[in-house]
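Numbering follows our numbering, in which position 284 of the sequence shown is assigned residue number 284; successive positions increment by one, without gaps.
All C-beta atoms, glycine included, are put in the ideal place defined by N, C-alpha and C.
Below is one structure, written out as structure tokens, with a few remarks after it.
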Amino acid sequence: MASDLTPQQQVAHALADGVARIQAAASSDDLKAVLAGLTGKKGSFVAIRSSLGKVADIEERKALGQLVNEAMAELDVATQARAKALRAGEFATQIEADRVDLTELAMSARASRRRGRMHLVTQATERLEDVFIGLGFQIAEGPEVETDFYNFEALNMPPSHPARSMWDTLFIESDVEGSVVLRTHTSPVQIRVMQEWPPPIYAVMPGRVFRKETPDATHMPVFHQIEGLVIDRGITFADLAGTIESFTKAFFGPGFTSRLRPSYFPFTEPSAEFDIRRPDGSWIELGGCGMVHPHVLRAGGLDPNEWSGFAFGFGIDRMAKERHGVEDLRDMYSDDVRFTEQFS
Ligand code: FA5
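This is the structure:
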């Protein structure tokens, strides 16, 4: 500070200098540094304040103190104004930096043409539904958590019936132990449909089923079935065989044929296993079928003397596997989009 200036001039000089530096601050951080310089230990105002002690006249000292305080207040106002302006500018810069150009995104998505694909089982289910709707069937659905009654008892498997062990059942905790299960097959939906729909019935019932099984190339603990149920007057085994053959050709293509092998299911009599023959001559089992057992018709509220019918249950996952030549069922559940993208 030049010593030839009066104290008043020193204050005015420091104030003008401070305001100029505040206004020149280029960022909030810069402003903080400028303030520290002005009001810190080495700042001009600290020097002025300490020199006040040397002013002998009390009134003059008071007036000078007042002047310094006013100058500090002015500096404060200038600081607030500059800080506000800087914040607004910095906010605008931040917004600009964070801006996402959606038109650019949309254009790059279009350019790479990356589109999702439906899961193979979903594709197969929709195709199965289309084929059966084409054959005159309707679609029905039932719950995945079932009672023992629908999953077993109404399907001609009373408690302790040995056929219950054909399915490794997963139980849900309930008041009556063992009375609630994760359905082991879609056959319980047969009973629900018979109870709700007046015959004649031509229905397919796709859905997820659960079994306590270790996954391997052809088995999953959670998989999908499509149940079929036809109830009408005078339905015979020939209708069942004809329906399955028409379905095989419609779903897999003209190079495929089907065969029925005698088998056992408690809810159908007679019962059969349904295999398809691939164009290379090999066979694969896809499901079970048969004529609906009279006990099952009764559990569904129908008179076996008036109505007869057939039912079938196919594994959808295995159908998808066959249709697309997938080696291992577990690959279909790998959740790897590169796998799904191979099939459309
Ligand atoms: C049944 O579940 C009977 N409810 C089918 C039925 C319905 C018979 C109506 C008669 C009348 P099964 O347990 O065989 O049957 O299973 C049917 C099909 O589901 C099998 O042929 C197979 O294609 C498929 N499947 C069975 N277990 C698995 C599994 N762990 N993983 C994937 N698919 C399976």
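Whole-angstrom C-beta distance between residue j and residue i, which should lie under 8 Å
{"i": "V409", "j": "I139", "result": "Nothing in the structure corresponds to residue 409, since the chain is present only between 1 and 344."}
{"i": "R82", "j": "A25", "result": "6 Å"}
{"i": "I201", "j": "A154", "result": "Their Cβ separation, rounded to whole angstroms, is 16 Å, which puts I201 and A154 out of contact at 8 Å."}
{"i": "A272", "j": "S263", "result": "5 Å"}
{"i": "L128", "j": "I284", "result": "With 8 Å as the limit, L128 and I284 do not qualify as a contact, their Cβ atoms being about 16 Å apart."}
{"i": "V19", "j": "L64", "result": "Their Cβ separation, rounded to whole angstroms, is 19 Å, which puts V19 and L64 out of contact at 8 Å."}
Range of the contiguous beta strand (DSSP E) that encloses residue i
{"i": "D275", "result": "268 to 277"}
{"i": "V326", "result": "Per DSSP, V326 belongs to no beta strand (DSSP E) and is neither H nor E."}
{"i": "A311", "result": "308 to 315"}
{"i": "F137", "result": "Neither: F137 is in no beta strand (DSSP E) and is coded neither H nor E."}
{"i": "Q225", "result": "222 to 232"}
{"i": "G242", "result": "No beta strand (DSSP E) contains G242, which is instead part of the alpha helix (DSSP H) from 237 to 252."}
{"i": "A203", "result": "201 to 210"}
{"i": "G287", "result": "283 to 292"}
{"i": "L302", "result": "Taken as a continuous stretch (DSSP letters only), L302 belongs to no beta strand (DSSP E), as it is neither H nor E."}
{"i": "V145", "result": "145 to 147"}
{"i": "V180", "result": "180 to 182"}
Straight-line Cα distance separating residue j from residue i
{"i": "A36", "j": "G43", "result": "8 Å"}
{"i": "H347", "j": "P206", "result": "The structure shown does not extend to residue 347, since the chain is modelled only from 1 through 344, so no value can be given for it."}
{"i": "A299", "j": "D275", "result": "29 Å"}
{"i": "G313", "j": "V193", "result": "15 Å"}
{"i": "W167", "j": "E104", "result": "54 Å"}
{"i": "R61", "j": "A14", "result": "18 Å"}
{"i": "V292", "j": "M107", "result": "57 Å"}
{"i": "R259", "j": "A250", "result": "15 Å"}
{"i": "M72", "j": "G89", "result": "26 Å"}
{"i": "Q8", "j": "Q94", "result": "43 Å"}
{"i": "E306", "j": "F237", "result": "16 Å"}
{"i": "V34", "j": "V337", "result": "57 Å"}
{"i": "D30", "j": "K84", "result": "14 Å"}
{"i": "G40", "j": "D17", "result": "15 Å"}
{"i": "F137", "j": "E196", "result": "16 Å"}
{"i": "N69", "j": "Q80", "result": "17 Å"}
{"i": "R278", "j": "L240", "result": "20 Å"}
{"i": "A2", "j": "I48", "result": "Note that A2 has pLDDT 47, beneath the 50 cutoff, so the model's placement of it is unreliable and no number is given."}
{"i": "L38", "j": "A56", "result": "26 Å"}
{"i": "A163", "j": "E141", "result": "24 Å"}
{"i": "P143", "j": "R261", "result": "30 Å"}
{"i": "K212", "j": "R99", "result": "51 Å"}
{"i": "D331", "j": "T122", "result": "15 Å"}
{"i": "K32", "j": "L5", "result": "29 Å"}
{"i": "G53", "j": "V46", "result": "12 Å"}
{"i": "T340", "j": "Y333", "result": "10 Å"}
{"i": "E177", "j": "P215", "result": "27 Å"}
{"i": "G255", "j": "D335", "result": "31 Å"}
{"i": "P304", "j": "V131", "result": "29 Å"}
{"i": "R21", "j": "I58", "result": "32 Å"}
{"i": "F252", "j": "S308", "result": "29 Å"}
8 Å Cβ cutoff met for residue i and residue j
{"i": "G290", "j": "T268", "result": "yes"}
{"i": "V181", "j": "N151", "result": "yes"}
{"i": "T257", "j": "T248", "result": "yes"}
{"i": "I226", "j": "F310", "result": "no"}
{"i": "V209", "j": "I172", "result": "no"}
{"i": "Q23", "j": "A92", "result": "no"}
{"i": "L67", "j": "V11", "result": "yes"}
{"i": "L120", "j": "M220", "result": "no"}
{"i": "S187", "j": "D148", "result": "no"}
{"i": "R115", "j": "F343", "result": "no"}
{"i": "P266", "j": "N156", "result": "yes"}
{"i": "R318", "j": "T184", "result": "no"}
{"i": "V175", "j": "P199", "result": "For the sequence presented, residue 175 should be read as Asp rather than Val. Cβ distance not < 8 Å, so D175 and P199 don't count as in contact."}
{"i": "A320", "j": "A124", "result": "yes"}
{"i": "L170", "j": "S246", "result": "no"}
Segment limits, alpha helix (DSSP H) that includes residue i
{"i": "I95", "result": "58 to 98"}
{"i": "G37", "result": "28 to 39"}
{"i": "E153", "result": "It is not in any alpha helix (DSSP H) - E153 carries neither H nor E in the DSSP assignment."}
{"i": "L260", "result": "Run containing L260: none in the alpha helix (DSSP H); it sits in the beta strand (DSSP E), 257 to 265."}
{"i": "M194", "result": "188 to 196"}
{"i": "R338", "result": "337 to 340"}
{"i": "L52", "result": "44 to 52"}
{"i": "V11", "result": "7 to 24"}
Cβ-heavy atom distance, residue i to the ligand GTP, below 7 Å
{"i": "E227", "result": "What this structure holds is the ligand FA5, not the ligand GTP."}
Short CB-CB distance (under 8 Å) between residue i and chain D
{"i": "R277", "result": "Looking for chain D here will not work: only one protein chain is present."}
Cβ pair count under 8 Å reaching 3, the region 292 to 308 against the region 316 to 327: no
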